[in-house]
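Residue numbers (numbering that gives the first Met the number 0), protein chains in the order written: chain A, 0 to 413; chain B, 0 to 310; chain C, 0 to 324. Here is the structure we will look at, set down as structure tokens.
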Amino acid sequence: MNWRRRFIAAVSVAALAGILTSSALADEVALTIGKLLELTGPLSENAPSQDKAINIAVDYANQAAQSAGVPIKATAISADVQGDPQAALSAARALVAKGATVFIGPSITPESIAIANGLTIQKKITVWPVGTSMRLRTIKDEGTIFRTVPPDSLQARAVAAAVEDKLGAAKGKVLSIAYRNEPYGEGLFKDLSAAWQAKGGKIQGPIVYDPTQATFDSEAQQIVDNNPDAYVVIDYPDTFAKVGAALVRTGKFDPSKLVVPDALAFSTVPSNIPPQALEGARGTRGGSDTSTQAYKLFDDLWQKAGGVEHFALDANSFDSTTLAILAAAAAKSADPAAIQGKIHSVTKPGAAKYSPTNLGDALKAVWAGQPIDYVGVAGAFEFAPNGDPTISRFDIFEYRDGKLHVIKQIDAAE
Amino acid sequence: MSFLDADFWIGVGVTAGVYAIFALGLQLNVGFTGLINLGQAGFMAIGAYAMGMLVVDAGWPLLLALPAAILVAIVAGALVGLPTLRLRADYFGIVTIAFSEIVRYALQNAAFTGGNQGVLGFDGGWREFQAWASNELSPIGLGGTIQLPLLIAVWATLLICLAALTILQRSPWGRVLKAIREDEDAAAALGKNVFAFKLQSLGIAAALAAVAGFFLALNVTYLYPSEFDPSFTFFGYAALILGGFASYGGVVAGAIILCALTEGLRFLDLPLSSSQSGSLRFIIVGLVLIILAMFRPQGLLGSKAEMQLRS
Amino acid sequence: MERRFPFLTANARVAVRLTLVLILVAIVLAVARGPVAVGQTTLNGLVAAGYFSLGAVGLTLVFGSLRIINFAHGDLLTLGAYVTLGISAIGLPFWPAAALAIAATAGIALVLDRIVWEPMRRKRASTLQLFLVAIGLAMVIRYTIQFFAGSQPRSVGQDVLSAIVVGPFHLGALQGLALIVGVAAATLVGLGLAFTPFGKKIRALADDVALAEVSGVDTRRMIRLVWLVAGGLAALAGVLYAAAVGSVNPNFGFLILLSLFTAAVLGGIGNAYGALAGGLIVGLAQEWSTLFFNARWKPVVGFAILIVMLLVMPRGIFGSGRARS
Chain A
0 MNWRRRFIAA VSVAALAGIL TSSALADEVA LTIGKLLELT GPLSENAPSQ
50 DKAINIAVDY ANQAAQSAGV PIKATAISAD VQGDPQAALS AARALVAKGA
100 TVFIGPSITP ESIAIANGLT IQKKITVWPV GTSMRLRTIK DEGTIFRTVP
150 PDSLQARAVA AAVEDKLGAA KGKVLSIAYR NEPYGEGLFK DLSAAWQAKG
200 GKIQGPIVYD PTQATFDSEA QQIVDNNPDA YVVIDYPDTF AKVGAALVRT
250 GKFDPSKLVV PDALAFSTVP SNIPPQALEG ARGTRGGSDT STQAYKLFDD
300 LWQKAGGVEH FALDANSFDS TTLAILAAAA AKSADPAAIQ GKIHSVTKPG
350 AAKYSPTNLG DALKAVWAGQ PIDYVGVAGA FEFAPNGDPT ISRFDIFEYR
400 DGKLHVIKQI DAAE
Chain B
0 MSFLDADFWI GVGVTAGVYA IFALGLQLNV GFTGLINLGQ AGFMAIGAYA
50 MGMLVVDAGW PLLLALPAAI LVAIVAGALV GLPTLRLRAD YFGIVTIAFS
100 EIVRYALQNA AFTGGNQGVL GFDGGWREFQ AWASNELSPI GLGGTIQLPL
150 LIAVWATLLI CLAALTILQR SPWGRVLKAI REDEDAAAAL GKNVFAFKLQ
200 SLGIAAALAA VAGFFLALNV TYLYPSEFDP SFTFFGYAAL ILGGFASYGG
250 VVAGAIILCA LTEGLRFLDL PLSSSQSGSL RFIIVGLVLI ILAMFRPQGL
300 LGSKAEMQLR S
Chain C
0 MERRFPFLTA NARVAVRLTL VLILVAIVLA VARGPVAVGQ TTLNGLVAAG
50 YFSLGAVGLT LVFGSLRIIN FAHGDLLTLG AYVTLGISAI GLPFWPAAAL
100 AIAATAGIAL VLDRIVWEPM RRKRASTLQL FLVAIGLAMV IRYTIQFFAG
150 SQPRSVGQDV LSAIVVGPFH LGALQGLALI VGVAAATLVG LGLAFTPFGK
200 KIRALADDVA LAEVSGVDTR RMIRLVWLVA GGLAALAGVL YAAAVGSVNP
250 NFGFLILLSL FTAAVLGGIG NAYGALAGGL IVGLAQEWST LFFNARWKPV
300 VGFAILIVML LVMPRGIFGS GRARS
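The following block contains the structure:
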């Protein structure tokens, strides 16, 4: 009898060990992230840095997961959206065929809407575009679209507050606004001019320019004509390099009167923009308590990786990728619907806060089933039910010697 | 096998169908009338936006908006053709491309067309139909894919247009058109109103562009000015030339092959960076275009004889 | 006198008329919007004209003598700029690198003629076939550049900020250079076509290939010369554009192509002076339009003028030959 009992016990222990080991192996999550990039086409300047941002995020998260003992591994595959909604739809489908269950990108709202309506809503795949247009919120995406970029309405208020802060007052002050002729600029301009005029200020412009034109001197002249109290230029680094040069050449441009939104926020001004166009200029970008350390970490990772310089909104792509991986870890699965279900629980208001500097701990916590509030490089998100960030905290920064310095933080909701 | 994903190839089929309808109009102009119409994307934009705005701003049902949009495009074709059809062929081409770009920039800058924000929300009626159709298709096991109803709609329309154009081409009207292409002065000498025929040809092409635009709009569910840039027209021409000069069937074959090639190359996985993979894809497409133009100039279904007749 | 300089006199008359019209328009505008604004926008327009003219000369030369609508021409501008970047990366200073790049691009244009355009000529290819080849070639050139250089924007590192200031007017130093070189190049090509033996042979070739051969012109050699000049000028335009505008990416040549076509056709396609005139009209019209309309409509201005011109004066300013069918 002794032997039988011992035999049964041994077999049970062995069986239990076998079950435990196999279920541990089954828990290893292999997440395929689809990168929807503007590899060719009119917006192709974006792609190299967005690609790098996502790759850095994947590598960093994988390392953090490994050190923390969390069995999740992400890989990223890319497809070209070509700046065209029809091509974007095809690109997304190719990535789904290759196993992607979450999308980072695309860059513009028409592509996002085409993909949402044609693919991802049905398949419950979460999409993390970089576009800020409120148009995106007019479709019923059934909770599949999330953005780490602040909506125009909030950023416009932040920019207005930044200008008011610089000038000391807004009433009666003339703000000259210029933007590149595309949805980001147009959307932000509408909200900004409303916000500025609500404060009692006046608007000069808008001066709108097409990015493909040969010279920007006439537009630059219009921006600085009549000596306005401040200027806001809503643009991306590639065109701003040319507009900025034209502004300096007018001889009447004072960069300290310039305020720019987050698409022109970089820790170091890229080499294709003349430094005199931004020296002393101010700007806004998403912020948080942990901004400074998070941005430093991000920059260190960026420098170490070599390759292209910073471009617009790359921190936001980094954050989107990290959030997707956190959600997959929380869901213990790479299944798209499971990931979608966990995004709010990794950005839950009131839960324990984590940032990129302790990503390993964050992964451990979500793997253990705890809700967290992950605060990214570009700020905290605490997504609204529709997937837009609710946090209205912004950094106001100033460029000195080609480097970005945060001078204060504001809450755009006030 | 990821390459054989159904959703992906159905999507490619929809795109190919749109390009085929678009290029049927080009073939009518270039292959059968001798008109180098480089502004077809402009007519497509006008048709698509007319449909979108009628549904969203004026509350029209989709099925009424389509014929109205076709009408608007035909009127646009007439307005463009009236002053310009007397120009020499290559100058006509340049005027039409200028027209197409003006349309695009106007759509981007005008407030009533939605400007940069575009037009959204016109596809409600289609979505209901698509849901119903998917339901009907489920019993035979085809309800799982997303765009199968759209694919069927596009290709049914394409085949109808193809049949109509083929019949038209064999009619007396079609014969006059061919005569105009081969020798305008002779046709005029025989008492044919060359100008009127050219105008009709352009109008029909504009109508076909509007139909293509309608399906493009249903495919991407969002109207945005940059969708209608000259690259679309150039791609349509590539499909036409690949498929065969003066052959409507060739247009369809060319569109399928070109779209299948361009999209299929997405599955070429080489150990390259994302940017390099993206560039390589178009290097290959460009090379294929050059090689086909050099070594099979009559296209796949065209005849060399037809080509020699053209100057 | 008429017989000895027939070409010059006719063109000179047109040039004088054009200049007078432009000055008249400028004066009217100055009354409406003030001389300073008009003066500055005129300078800006002249700068744009510099790029357009320089880019359009090669385009018009190739069309005039070979009847090829070269949709790959814009990408030759990009090639010139990027080869310069590549060579300067190895250590050469900018302008010597640019000179080498111009020579290299001219050579590449020649090679492309040998392997692509000449076989098509021998097969008597139709306009559409040539069109398809040009599109394919444009793609191959552009995406090969992007394959090696990436699509991110690059600066060529020249001083885009230094400006020449005279009273209330300012002109970027490099932009001024682009303007002078553009005008000079177009004029030189025009004069060359008019007076040199090469020029006469190329004009004969443009008129009628068979006739030219029968008269003893070595058409093959002339064609090669045309491509060398066209390729070299395109590269020069690309280099100057990159230097004066400051930031480029592989799409820039293709994106400027339609403006180049507009300039070439406006001026009378096939005529080098026409490229200059067309460039001037497009450049000035676009910048002057900002005095009245929001700058967002600038791209439309060139196309609108083109359409009006083709309806009113279809052969273009310096054009000759049939325009109506």
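Where a beta carbon is used, it is the ideal one built from N, C-alpha and C, also for glycine. Small disclaimer: the values here were computed from a predicted structure and weren't measured.
Alpha-carbon spacing of residue i relative to residue j, whole angstroms
i, j, result
"residue 52(C)", "residue 104(C)", "18 Å"
"residue 143(C)", "residue 224(A)", "43 Å"
"residue 41(A)", "residue 215(C)", "48 Å"
"residue 115(B)", "residue 374(A)", "32 Å"
"residue 246(C)", "residue 272(A)", "8 Å"
"residue 335(A)", "residue 124(A)", "5 Å"
"residue 298(C)", "residue 110(B)", "17 Å"
"residue 210(B)", "residue 54(B)", "15 Å"
"residue 131(A)", "residue 267(B)", "32 Å"
"residue 134(C)", "residue 134(A)", "35 Å"
"residue 392(A)", "residue 285(A)", "6 Å"
"residue 28(A)", "residue 55(A)", "19 Å"
"residue 106(B)", "residue 113(B)", "8 Å"
"residue 251(C)", "residue 131(C)", "21 Å"
"residue 141(C)", "residue 68(C)", "17 Å"
"residue 106(A)", "residue 271(B)", "22 Å"
"residue 24(A)", "residue 158(B)", "Legend: pLDDT at residue 24(A) = 48, less than 50; position of this residue unreliable, value from coordinates given subsequently. So the alpha carbons of these two residues sit roughly 53 Å apart."
"residue 196(C)", "residue 24(C)", "38 Å"
Residues that DSSP places opposite residue i in a beta bridge
i, result
"residue 287(B)", "According to DSSP, which records beta bridges pairwise, residue 287(B) is partnered with nothing at all."
"residue 309(A)", "DSSP, once it has assigned bridges, lists no residue as partnering residue 309(A)."
"residue 154(C)", "246(C)"
"residue 199(C)", "Per DSSP, none; premise fails for residue 199(C)."
"residue 229(A)", "174(A)"
"residue 341(A)", "DSSP, once it has assigned bridges, lists no residue as partnering residue 341(A)."
"residue 285(A)", "393(A)"
"residue 164(C)", "169(C)"
"residue 404(A)", "397(A)"
"residue 374(A)", "379(A)"
Limits of the beta strand (DSSP E) - the one that residue i falls within
i, result
"residue 74(A)", "71-79"
"residue 127(A)", "125-127"
"residue 205(A)", "201-208"
"residue 351(A)", "351-353"
"residue 126(B)", "From DSSP, residue 126(B) is part of no beta strand (DSSP E) but of the alpha helix (DSSP H) over 123-136."
"residue 108(A)", "Run containing residue 108(A): none in the beta strand (DSSP E); it sits in the alpha helix (DSSP H), 108-114."
"residue 369(A)", "First-last for residue 369(A): undefined, no H or E at that position."
"residue 29(A)", "28-36"
"residue 416(A)", "Outside the modelled stretch of chain A, which goes from 0 to 413, sits residue 416(A), for which no answer is possible."
"residue 62(A)", "Not the beta strand (DSSP E): residue 62(A) falls in the alpha helix (DSSP H), residues 46-67."
Closer than 6 Å: residue i CB and nearest the ligand SAH heavy atom
i, result
"residue 32(C)", "The model on display carries no ligand, and the ligand SAH is accordingly not part of it."
Bounding residues of the alpha helix (DSSP H) (the contiguous stretch that carries residue i)
i, result
"residue 421(A)", "Missing from the structure shown is residue 421(A); chain A here goes from 0 to 413 and no further."
"residue 327(C)", "Since the displayed chain C opens at 0 and closes at 324, residue 327(C) lies outside it and no answer follows."
"residue 234(B)", "229-242"
"residue 300(C)", "297-311"
"residue 35(B)", "Looking at the DSSP string, residue 35(B) is not in any alpha helix (DSSP H), and its letter there is neither H nor E."
"residue 35(C)", "34-65"
"residue 264(C)", "251-266"
"residue 322(B)", "Nothing about residue 322(B) can be read from this structure; chain B reaches only from 0 to 310."
"residue 196(A)", "182-197"
Exercise. Which residue spans inside the region 126-180 of chain A form an unbroken beta strand (DSSP E) run of at least 3?
Worked result: List check, beta strand (DSSP E) in window: 173-179.
Problem set entry | Sufficient close CB pairs (3 or more, under 8 Å) joining the region 95-112 of chain C to the region 158-171 of chain C | no
For this session: Give a yes or no on contact between the region 319-338 of chain A and the region 47-61 of chain A, applying the rule of three or more CB pairs nearer than 8 Å.
Result: Touching, yes.
Exercise. Does the region 233-249 of chain C come within contact of the region 72-81 of chain C, defined as at least 3 CB pairs closer than 8 Å?
Worked result: yes
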